[in-house]
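**Student:**
Residue numbers (my numbering): 364 to 498.
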């Protein structure tokens, strides 16, 4: 199956993207995240209970643009408007986690290890959800 090139899918190769979700007031909140391609969509994995998941519950609109590790966005970075859905289903989370793991390789394992050390038992293995972003 061949997938057509879209502005959203062009961001699949970015190391980080600024994922902007929206509060009920309409104010955007941007978070730098890892992203991987899954078919015609981009996927992000995040622990359950994060602010971005709460905001997506009320408003599925998102914007996505390439950014640096700390969330800095270049002035000429493309901005893509999209919609996101959230799933905590085990199969969906496993599939998205595998996509992210394949893309980031050793960096994925290092970050997950550090996350476990920092949390040490308090949410160290907190369940995750997948955010599926589609244009």
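C-beta: ideal position from N, C-alpha, C; glycine also.
(1) Tell me the residue span of the alpha helix (DSSP H) that contains residue 456.
(2) Quick one: using the 10 Å Cβ neighbour count with 16 as the cut-off for buried, is residue 481 buried or exposed?
(3) Please classify residue 435: does DSSP put it in a helix, a strand, or coil?
(4) Hey, how far is the Cα of residue 418 from the Cα of residue 447?
(5) Identify the continuous alpha helix (DSSP H) that holds residue 414 and give its terminal residues.
(6) If the criterion is Cβ atoms closer than 8 Å, does the pair residue 404 and residue 495 meet it?
(7) Here's a check: name, in chain order, each residue in its chain whose Cβ is nearer than 7 Å to the Cβ of residue 467, leaving out the five neighbours to either side.
**Tutor:** To lay it out plainly:
(1) 453-467 is the extent of the alpha helix (DSSP H) around residue 456.
(2) By the neighbour-count rule (16 or more Cβ atoms within 10 Å), residue 481 is not buried but exposed.
(3) Reduced to three states, the DSSP call for residue 435 is coil.
(4) Those two C-alpha atoms are separated by around 11 Å.
(5) Secondary structure note for residue 414: its alpha helix (DSSP H) is the uninterrupted segment 414-421.
(6) In contact: residue 404 and residue 495 (Cβ atoms closer than 8 Å).
(7) Cβ neighbours of residue 467 beyond the five flanking positions: 397.
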